[in-house]
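Spelled out as structure tokens, the structure:
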């Protein structure tokens, strides 16, 4: 499986990373090199093997559904590039 | 008297208690060393004023008695740990200026134990790299040199390792996702320990690959690793993968006695192109442990060669998801071209904020998780990961600990592998399998190569059996008698 320039652009868009056209060829080559290399996993017989999603043999802990935290909007917003009226400000998304 | 920057944690702790020197003096000596050591690029942010205050508080606490072993010990904190009120960058431009209003649990544990933070240590951007060359704040340099050639300190915890090897800190925190503590430790002649997944809370550590990330210490002795890990580890309800088990007294229980210990040697770790010196050192390690009374047994880890490709699917997949949060809205930088839509802003911010290696990994991760490719890549990799973990379970039926080289080479020259991502990835060939399996491991400096560069041996243990790993490490350390140190060329 190898990917072409259009696929590179599509992945970049899915990942929300702006790519200039002149950056595409190098990335296309690098990504294909990496994908070719991981292709060797295809030779491993994994029939009947369960995927490993966690190395820990434990059930996810649950806690009471109650408020344990909060009331510090100022600290939450302190690192925002743009905060207005106690909110994160972003470009207009609704016409 | 030995220079104050030469002390290990255990030596410094004893000296502080005897009143040979104060924590303030110990800290000042390390601040001076860190200033002189700036050419090493070990720190992204220096926190000397904070360190001086913390040292004073440590002196008060020491005077009152019963202070913990880390009290008054000056350390470097990898800049992947969020630190309250101190800039935390993950070595990325995208987090430039980010000042967390909270402290990572591991950093808070060390603070509570009285450790003194000298600064935030350099690393590969978002811990993605094996050479510390992907940092947006300049590369860190290995205190060890080959002639006049500058070498990488390894990565991703390269600044941490450089600081400890160069005597700019007594110890440092690191994080290990695929080898990021153990490989830089091997490259710098230091001890690096990754505990079992779940031992150290991940809360407040900037996430790279959540199913793999674990914090651990980089120190100059195995005993120090035991003491510092004890201070870092512990159950944390804020991390859902944190393990609710008491932290053993690793330091107090440490022994070099390995009589009857079964040490497994995996044949699959003899890789093509491995230098003869590393092969020889591995043989020496086996002989040392045997002389100390251990039994050497052959074991097989048949899926070893598939560990790296598995890792380079799993880790980027998790990274692409974890790094989705850097969007220019809540923290970090924002790029907003005139008239940009929200989506344009995301794309411009991430294009400007992430470096090449991070972009590559996000894109690989995005691709392997995308519709139509998920089963072929991601699910397949998770299944192979199961087989890799099973290899270890089977091997541990016939041995207690596994001995391998830590890395397939000594430290290499700056810039020598930056053009070829895969040759860089191959650095982690011996460290990645245990990461994928969540197992504890340590790298112990064991010798020098023909160019006078340090080489490390790695010991891997069963889950939650850090004690055996540390004990075998102590036996190896005693037999190897590694006491070489870099000549301080940067201070000349």
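Residue numbers (our numbering), protein chains in the order written: chain S, 1 to 95; chain E, 1 to 492. Even for Gly, the Cβ is constructed at its ideal location relative to N, Cα and C.
Using C-beta distances below 6 Å, list every residue in its chain close to residue i, excluding the 5 sequence neighbours before and after it, in chain order.
{"i": "residue 46 of chain E", "result": "119"}
{"i": "residue 238 of chain E", "result": "203"}
{"i": "residue 64 of chain S", "result": "none"}
{"i": "residue 207 of chain E", "result": "322"}
{"i": "residue 87 of chain E", "result": "45 and 99"}
{"i": "residue 464 of chain E", "result": "196"}
{"i": "residue 186 of chain E", "result": "406, 407, 443 and 456"}
{"i": "residue 93 of chain E", "result": "136 and 353"}
If you measure between the beta carbons of residue i and residue j, is that distance less than 8 Å?
{"i": "residue 458 of chain E", "j": "residue 408 of chain E", "result": "no"}
{"i": "residue 173 of chain E", "j": "residue 156 of chain E", "result": "no"}
{"i": "residue 135 of chain E", "j": "residue 124 of chain E", "result": "yes"}
{"i": "residue 448 of chain E", "j": "residue 49 of chain S", "result": "no"}
{"i": "residue 209 of chain E", "j": "residue 315 of chain E", "result": "yes"}
{"i": "residue 15 of chain E", "j": "residue 61 of chain E", "result": "no"}
{"i": "residue 229 of chain E", "j": "residue 217 of chain E", "result": "yes"}
{"i": "residue 163 of chain E", "j": "residue 121 of chain E", "result": "yes"}
{"i": "residue 55 of chain S", "j": "residue 306 of chain E", "result": "no"}
{"i": "residue 177 of chain E", "j": "residue 438 of chain E", "result": "no"}
{"i": "residue 191 of chain E", "j": "residue 442 of chain E", "result": "yes"}
{"i": "residue 181 of chain E", "j": "residue 188 of chain E", "result": "no"}
{"i": "residue 11 of chain S", "j": "residue 359 of chain E", "result": "no"}
{"i": "residue 313 of chain E", "j": "residue 76 of chain S", "result": "no"}
{"i": "residue 95 of chain E", "j": "residue 127 of chain E", "result": "no"}
{"i": "residue 304 of chain E", "j": "residue 269 of chain E", "result": "yes"}
Buried or exposed: where does residue i fall if 16 or more other Cβ atoms within 10 Å of its Cβ makes it buried?
{"i": "residue 27 of chain E", "result": "buried"}
{"i": "residue 93 of chain S", "result": "exposed"}
{"i": "residue 433 of chain E", "result": "buried"}
{"i": "residue 375 of chain E", "result": "exposed"}
{"i": "residue 345 of chain E", "result": "buried"}
{"i": "residue 1 of chain E", "result": "Caution applies to residue 1 of chain E, whose pLDDT of 48 falls short of 50 and renders its modelled position unreliable; the value that the coordinates give is listed next. That one is exposed."}
{"i": "residue 363 of chain E", "result": "buried"}
{"i": "residue 423 of chain E", "result": "exposed"}
{"i": "residue 68 of chain S", "result": "exposed"}
{"i": "residue 393 of chain E", "result": "exposed"}
{"i": "residue 87 of chain S", "result": "exposed"}
{"i": "residue 158 of chain E", "result": "buried"}
{"i": "residue 332 of chain E", "result": "buried"}
{"i": "residue 377 of chain E", "result": "buried"}
{"i": "residue 380 of chain E", "result": "buried"}
{"i": "residue 487 of chain E", "result": "exposed"}
{"i": "residue 22 of chain S", "result": "exposed"}
{"i": "residue 367 of chain E", "result": "buried"}
Give the range of the beta strand (DSSP E) segment to which residue i is assigned.
{"i": "residue 443 of chain E", "result": "441-448"}
{"i": "residue 296 of chain E", "result": "295-299"}
{"i": "residue 43 of chain E", "result": "43-46"}
{"i": "residue 401 of chain E", "result": "401-405"}
{"i": "residue 28 of chain E", "result": "No beta strand (DSSP E) contains residue 28 of chain E, which is instead part of the alpha helix (DSSP H) from 23-36."}
{"i": "residue 193 of chain E", "result": "191-194"}
{"i": "residue 67 of chain S", "result": "No beta strand (DSSP E) contains residue 67 of chain S, which DSSP labels as neither H nor E."}
Leaving out five residues on either side along the sequence, give the residues of the same chain with a beta carbon under 8 Å from the beta carbon of residue i.
{"i": "residue 52 of chain E", "result": "24, 27, 28 and 31"}
{"i": "residue 223 of chain E", "result": "8, 9, 10, 251, 254 and 474"}
{"i": "residue 24 of chain S", "result": "5, 8 and 9"}
{"i": "residue 308 of chain E", "result": "425, 426, 428, 429 and 432"}
{"i": "residue 289 of chain E", "result": "258, 261, 263, 296, 403, 472, 475, 476 and 479"}
{"i": "residue 89 of chain S", "result": "80, 82 and 83"}
In chain order, what residues of the same chain lie with their CB nearer than 7 Å to the CB of residue i, ignoring the 5 residues before and after it?
{"i": "residue 450 of chain E", "result": "277"}
{"i": "residue 267 of chain E", "result": "298 and 300"}
{"i": "residue 74 of chain E", "result": "26, 27, 30, 51, 116, 118, 169 and 170"}
In the DSSP assignment, find the alpha helix (DSSP H) that holds residue i and state where it starts and stops.
{"i": "residue 353 of chain E", "result": "342-353"}
{"i": "residue 310 of chain E", "result": "307-322"}
{"i": "residue 74 of chain S", "result": "73-77"}
{"i": "residue 62 of chain S", "result": "No alpha helix (DSSP H) contains residue 62 of chain S, which DSSP labels as neither H nor E."}
{"i": "residue 14 of chain E", "result": "9-18"}
{"i": "residue 183 of chain E", "result": "182-188"}
Item to complete: Please specify which runs of the alpha helix (DSSP H), each continuous and at least 4 residues long, are wholly inside the stretch 452-490 of chain E, giving them in chain order.
Response: You should have 466-480.
Worksheet item: Whole alpha helix (DSSP H) runs in the stretch 376-441 of chain E with 4 or more residues, listed along the chain?
Response: Counting whole runs of 4 or more residues, the stretch 376-441 of chain E contains the alpha helix (DSSP H) stretches 380-395, 421-425 and 432-437.
Item to complete: List in chain order: all unbroken beta strand (DSSP E) runs of 3+ residues lying wholly within the stretch 77-163 of chain E.
Response: Segments of the beta strand (DSSP E) lying fully in the stretch 77-163 of chain E: 116-121.
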